[in-house]
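J.: Here it is: the structure, laid out below.
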């Protein structure tokens, strides 16, 4: 089956979510990848959203954390304060799944402003629960499309801390957990280098060249000694993803492909 770069990105991200893990999910691309994982390789994953649903099993992708589909399909719903205090800060979240507008070489995220904070070129949606998720989850996965505008040498604003300034910066900040362990894009997969915690390319998606990744990165991106090729999406994965998107489009009155 033929597939798009966006489908490759979503499938590659879904594969990183281990079966049985407890995942704090962001809306958008993270939610799409997490629910694809639930429908394919990780049927026993526990999806948590910051509005309170625990064990959500939506049949369509939610429009927001307040989408009734999440509460209606969840095992239970608790107050937002309990999600953060008991589940997240209590060390019960295995994976935080986040998106970003900008990311830097150490996995720090900006979802606040592009440009000067007091006179921004673009004001973004903001933090939501991402800073707490990035700070307290046992590990973090980041998913976003790759370009030199989104993969920047220096963030305009640090909304959510990844590995800070690199090295032992995260430890010195007193943040628990491993921080970001993977960045999945429409071109490649990046992982933090041991010691420096700078993200390096560990896998290229089929048909993608190193030159494409370099051109789409705002810093001098480096490649691991062993760079693998991401396995192509299977028919099962693509069918599950496309069916999910079609159901979502129909439910939300969207055209196919907008979900």
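In our numbering, the protein residues as written are 12 to 270.
Even for Gly, the Cβ is constructed at its ideal location relative to N, Cα and C.
No experiment lies behind these values; they were computed from the predicted model shown.
1. At the level of alpha carbons, what is the spacing between residue 230 and residue 20?
2. Please classify residue 236 as buried or exposed, where buried requires at least 16 other C-beta atoms within 10 Å of its C-beta.
3. I need the straight-line Cα distance from residue 22 to residue 47, nearest angstrom please.
4. Please confirm if the region 132-148 is in contact with the region 116-124, defined as three or more CB-CB distances below 8 Å between the two stretches.
5. Please state the DSSP three-state secondary structure of residue 89.
6. Can you give me the C-alpha to C-alpha distance between residue 87 and residue 210, rounded to a whole angstrom?
7. Do residue 167 and residue 124 have their C-beta atoms closer together than 8 Å?
8. Suppose the cutoff is 8 Å on Cβ atoms and the five residues either side in sequence are ignored; what does the same chain contact list for residue 77 look like?
9. Any idea what DSSP makes of residue 222, helix, strand or coil?
10. Would residue 240 be called buried (16 or more neighbouring beta carbons within 10 Å of its own) or exposed?
11. Does the pairing of the region 189-203 with the region 151-161 give three or more beta-carbon distances under 8 Å?
12. Is it buried or exposed, residue 115, if we count other Cβ atoms within 10 angstroms and call 16 or more buried?
13. Going residue by residue through the region 26-110, where are the continuous alpha helix (DSSP H) segments of at least 4 residues, counting only ones entirely within it?
14. Go to residue 195, then tell me how far its beta strand (DSSP E) extends in each direction, as first and last residue.
15. Measuring only the C-alpha atoms, how far is residue 263 from residue 36?
16. Determine which residues share a DSSP beta bridge with residue 212 and list them.
17. Could you check the C-alpha separation between residue 205 and residue 261 for me, to the nearest Å?
T.: Well, looking at it:
1. If you draw a straight line from the Cα of residue 230 to the Cα of residue 20, it comes to about 21 Å.
2. Residue burial is scored here from C-beta neighbours: residue 236 has fewer than 16 other C-beta atoms within 10 angstroms and is therefore classed as exposed.
3. One C-alpha to the other measures close to 7 Å.
4. The region 132-148, when compared against the region 116-124, does touch it at the 8 Å Cβ threshold.
5. In this structure, DSSP gives residue 89 a state outside helix and strand, which the three-state scheme calls coil.
6. If you take the alpha carbons of residue 87 and residue 210, they lie about 37 Å apart.
7. A contact, by the Cβ cut-off of 8 Å.
8. Cβ neighbours of residue 77 beyond the five flanking positions: 62.
9. Residue state, collapsed to three classes: helix.
10. Exposed, since its Cβ has fewer than 16 Cβ neighbours within 10 Å.
11. Between the region 189-203 and the region 151-161 there are three or more inter-stretch CB-CB distances shorter than 8 Å, so the stretches are counted as touching.
12. Per the 10 Å Cβ criterion, buried.
13. Restricting attention to alpha helix (DSSP H) runs no shorter than 4 residues, the region 26-110 encloses them at 40-50, 79-84, ordered along the chain.
14. Bounds of the beta strand (DSSP E) holding residue 195 are 191-195.
15. Roughly 20 Å separates the two Cα atoms.
16. Its beta-bridge partners are 201, 234.
17. Their Cα atoms are separated by approximately 45 Å.
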